[in-house]
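Visitor: So that we are looking at the same thing, I have put the structure below in structure tokens.
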Amino acid sequence: MIRHVLRWVLAVFYFLAGVIHVVAPAPFLTIMPAWVPAPEATVLWTGVAELLGAIGLAQPFSIPLRRAAAVGLAAYAVCVFPANIHHFALDMTKADHGAGLAYHVPRMFAQPLLVWLALWTGGVTEWPWKPKGG
């Protein structure tokens, strides 16, 4: 039951994040590392990836599709981690420290949790719990 609820929570979270990436990309462009090519297209396509991943994770019809979406969202969370680190570094160089440590430190710890949560709620892993009967 908790897995089902958290799967929906995660799907809604990624869906809303995807919508924001697509319709209001400006904040994401300001934290984009300079080495990322085509920043506008990158933000757009990351939004599309979030939307598709959310839909795939939420859909009840295909377990293989749900697992593929979970792996995709986990990979996405790993791939955007450098942007989160970059944003952290940018803020810490500002006189007022931007969003501050109270925002960035939990965000750094949340990223690996999002990877695991996508995989667990999508049925890719049972870790750290053993499957029933196993």
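Read in the numbering used here, the sequence shown has 164 at position 88, and its numbers run on one by one without any break. All C-beta atoms, glycine included, are put in the ideal place defined by N, C-alpha and C.
#1: Report back the beta-carbon spacing between Met108 and Ala159 to the nearest angstrom; my notes put them in contact at under 8 Å.
#2: Quick one: grab the DSSP three-state call for Asp167.
#3: Looking at C-alpha atoms only, which residue of Leu133, Ala102, Ile131 and Ala130 is the closest neighbour of Thr118?
#4: Kindly give me the distance between the Cβ atoms of Arg83 and Leu141, rounded to whole angstroms, as I take these residues to be in contact under 8 Å.
#5: Buried or exposed: which applies to Gly94, given that a residue is buried once 16 or more other Cβ atoms fall within 10 Å of its Cβ?
#6: Between the segment 179-199 and the segment 149-156, do three or more beta carbon pairs fall short of 8 Å?
#7: Output the distance between the C-alpha atoms of Ala171 and Ala87, rounded to the nearest integer angstrom.
#8: Over the uninterrupted alpha helix (DSSP H) stretch that includes Gly129, give me the two end residues.
#9: Would you call Ala125 buried or exposed, if buried means 16 or more other Cβ atoms sit within 10 Å of its Cβ?
Guide: If we stick to the structure as given:
#1: Yes, they are in contact, since the Cβ atoms of Met108 and Ala159 sit about 6 Å apart, within 8 Å.
#2: Reduced to three states, the DSSP call for Asp167 is helix.
#3: Closest by alpha carbon: Ala102.
#4: So it is not a contact: roughly 13 Å between Cβ atoms.
#5: buried
#6: yes
#7: 36 Å
#8: Pro115 to Ala134
#9: Buried, since its Cβ has 16 or more Cβ neighbours within 10 Å.
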